[in-house]
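Each residue of the sequence shown is one higher than the one before, counting from 28 in this note's numbering. Ideal placement from N, C-alpha and C gives every residue a C-beta, glycine not left out. To start, the structure itself, in structure tokens.
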Amino acid sequence: MQPQIRTLGVVGSGVIGAGWAARALAHGLDVVAWDPAPGWQGRLSAAIGNAWPALEKVGLFPGASLDRLRCADSLDAVCRAADFIQESAPERLELKQNLHERIDAQAPPEVVVASSTSGLLPTELQSRCRRPERLVVGHPFNPVYLLPLVEVLGGAETSPVSIDRAMELYRNLGMHPLRVRTEIEGFLSDRLQEALWRELLHLVNDGVATTEELDAAIVYGPGLRWAFMGTCLSYHLAGGAAGMDDFLKQFGPALKLPWTRLPAPELSEELIARMAEGTRRQADGRTVKELERLRDDCLVAIMQALKRFEVGAGRTLAENEKRLQEAHRGNGQTS
Ligand SMILES: NC(=O)c1ccc[n+]([C@@H]2O[C@H](COP(=O)([O-])OP(=O)(O)OC[C@H]3O[C@@H](n4cnc5c(N)ncnc54)[C@H](O)[C@@H]3O)[C@@H](O)[C@H]2O)c1
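Structure follows, in structure tokens:
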């Protein structure tokens with residue numbers, strides 16, 4: 028039997044690394060982190076502090092504490108202390124290949140190493156490793172400490188045992204690991220999101236709509252459905268009693284209309300300025316930190332509402348709460 032994972036190694040402590048650290052701490056794990064940027068320790072503590080109120084609402088596991096975060100002074104120290112390493116360094120292939128070569132040389136052989144990459148292929152990331160079989164991709168979503176989805180895939184050399192070990196850890200961290208069976212760039216979720224994003228940039232570029240109008244086009248409609256039924260099942264209902272069959276017969280011809288564009292528009296200075304100005308107006312003076320707290324409160328409320336119906340992220344939350352109660356019982360406490 029594999030030993031239990033008690034210490035998560037966090038390599039790179041920006042938006043995503045900090046999110047992993049917060050999630051692991053809330054589940055009672057020890058976290059040992061390292062980042063090469065000056066002043067990273069303060070930024071990491073602040074990011075975890077900002078996430079903690081939402082995590083308290085979701086429920087803290089026995090032993091969960093901010094004091095279990097250790098900021099290491101070297102990558103080597105993380106590799107020596109961690110039972111599982113999650114790399115969240117910048118999305119540059121060469122940088123990540125170098126980093127994985129170093130981690131691979133230093134971490135004990137039984138330690139699985141996961142990359143948070145949004146779209147780089149694990150086969151490329153593991154190409155310079157002596158033990159490529161332990162490298163997996165575990166692609167999370169921001170904020171990592173609340174959104175349950177993590178896409179899990181291996182490269183040509185990854186062993187099924189490493190995939191299983193990663194899936195198990197993510198489940199124990201209250202997540203929904205989605206096994207991506209075919210190794211493709213961008214994986215599944217980002218491919219879908221990018222298609223929407225490209226179309227959105229075209230609509231702003233062409234002066235058809237503002238960022239605010241396009242956000243409204245999602246927030247008041249499809250966005251609400253997506254949280255529990257996704258696109259396919261929602262369209263199945265849109266076809267009436269006969270479901271998807273009729274939906275495709277009725278709306279299928281529209282797929283041939285020439286107005287959707289898959290190639291992205293040129294990111295001109297003007298388009299960037301329009302996007303930035305539009306979202307600045309929407310933020311209406313609120314800082315990113317303030318908006319993060321609002322986003323977190325909304326996400327917790329949505330997941331708690333969905334729990335009653337045992338669907339989507341609500342079901343993941345319910346399973347997490349069950350484990351949480353068992354953990355508190357095992358710890359001799361009532362929760
Ligand atoms: N931001 C997102 O929404 C998101 C979502 C899912 C996955 N990801 C992926 O997560 C990874 C990190 O993204 P992020 O948004 O946290 O970026 P970020 O810029 O916020 O953080 C990256 C961190 O890595 C550190 N770093 C730089 N060089 C390093 C090195 N050689 N070794 C270790 N750390 C190093 C930086 O100092 C920084 O703190 C990327 O692979 C990205 O594709 C991002």
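For residue i, three-class secondary structure by DSSP
{"i": "GLN364", "result": "The requested residue 364 is not part of the displayed model; the chain covers only 28 to 362."}
{"i": "GLY305", "result": "helix"}
{"i": "TRP67", "result": "helix"}
{"i": "PRO290", "result": "coil"}
{"i": "THR361", "result": "Unreliable positioning characterises THR361 in this predicted model, as indicated by a pLDDT of 42, which lies under 50. A coordinate reading is not provided."}
{"i": "CYS98", "result": "strand"}
{"i": "THR34", "result": "strand"}
{"i": "HIS355", "result": "helix"}
{"i": "ALA332", "result": "helix"}
{"i": "ASP62", "result": "coil"}
{"i": "ASP273", "result": "helix"}
{"i": "ASP57", "result": "strand"}
{"i": "THR150", "result": "helix"}
For residue i, the nearest candidate out of the options (CA to CA)
{"i": "GLU121", "options": "ASP94, LYS334, GLU151, VAL105", "result": "GLU151"}
{"i": "GLN107", "options": "SER143, PRO149, TRP61, SER145", "result": "The residue asked about is misnamed: residue 107 is Arg in this sequence, not Gln. Residue TRP61 is the option with its Cα nearest to ARG107."}
{"i": "ILE75", "options": "SER101, ASP100, GLY41, ILE245", "result": "GLY41"}
{"i": "ARG225", "options": "PRO149, ARG95, TRP286, LEU71", "result": "TRP286"}
{"i": "GLY257", "options": "LYS276, GLY66, GLN220, LEU200", "result": "GLN220"}
{"i": "ASP233", "options": "SER295, TYR197, ALA332", "result": "SER295"}
{"i": "ILE112", "options": "SER189, PRO63, THR306, ASP242", "result": "SER189"}
{"i": "GLY39", "options": "GLU118, LEU52, GLY201, LEU241", "result": "GLU118"}
{"i": "GLU240", "options": "VAL177, VAL138, THR306, ASP131", "result": "THR306"}
{"i": "ALA51", "options": "GLN331, LEU93, ALA73", "result": "LEU93"}
8 Å Cβ cutoff met for residue i and residue j
{"i": "LEU56", "j": "TRP47", "result": "no"}
{"i": "THR2", "j": "LEU215", "result": "Past the edges of the chain, shown from 28 to 362, lies residue 2, and the structure says nothing about it."}
{"i": "ALA272", "j": "GLY279", "result": "Rather than Ala, the amino acid found at residue 272 in this sequence is Asp. For ASP272 and GLY279, no; Cβs fall outside 8 Å."}
{"i": "GLN309", "j": "THR238", "result": "yes"}
{"i": "VAL327", "j": "LYS84", "result": "yes"}
{"i": "PHE88", "j": "LEU351", "result": "yes"}
{"i": "VAL246", "j": "ILE43", "result": "no"}
{"i": "ASN169", "j": "ARG320", "result": "no"}
{"i": "PRO159", "j": "HIS203", "result": "no"}
Close beta carbons around residue i, own chain, < 7 Å, minus the five adjacent residues each side
{"i": "ILE329", "result": "ALA254"}
{"i": "ILE211", "result": "none"}
{"i": "GLY357", "result": "none"}
{"i": "GLY339", "result": "ALA254, PHE255, LEU333"}
{"i": "SER362", "result": "Low per-residue confidence applies at SER362: pLDDT is 37, beneath 50, and the placement is therefore not dependable enough to give any value."}
Contacts around residue i, its chain only, beta-carbon distance under 6 Å, and the 5 residues preceding and following it disregarded
{"i": "ARG288", "result": "HIS229"}
{"i": "TRP236", "result": "Correcting the residue type first, residue 236 is Ala in the shown sequence and not Trp. Cβ within range, chain order: LEU230."}
{"i": "SER142", "result": "GLU114, LEU152, VAL164"}
{"i": "GLY250", "result": "none"}
{"i": "ARG301", "result": "VAL231"}
{"i": "ALA99", "result": "VAL59, TRP61, VAL105"}
{"i": "TRP67", "result": "SER40"}
Contacting residues, own chain, Cβ-Cβ under 8 Å from residue i (five flanking each side not counted)
{"i": "ARG129", "result": "LEU102"}
{"i": "ALA354", "result": "GLY55, PHE88, PRO89"}
Inset, instruction - Enumerate, from N- to C-terminal direction, the unbroken beta strand (DSSP E) stretches of 3 or more residues contained entirely within the stretch 114-143. - result: 139-142
Legend entry - Those runs of the beta strand (DSSP E) which lie wholly inside the stretch 191-270 and span at least 3 residues: 203-206
Inset, instruction - Taking only runs that begin and end inside the stretch 162-189, name each unbroken beta strand (DSSP E) of 3 or more residues, in chain order. - result: 162-167, 176-181
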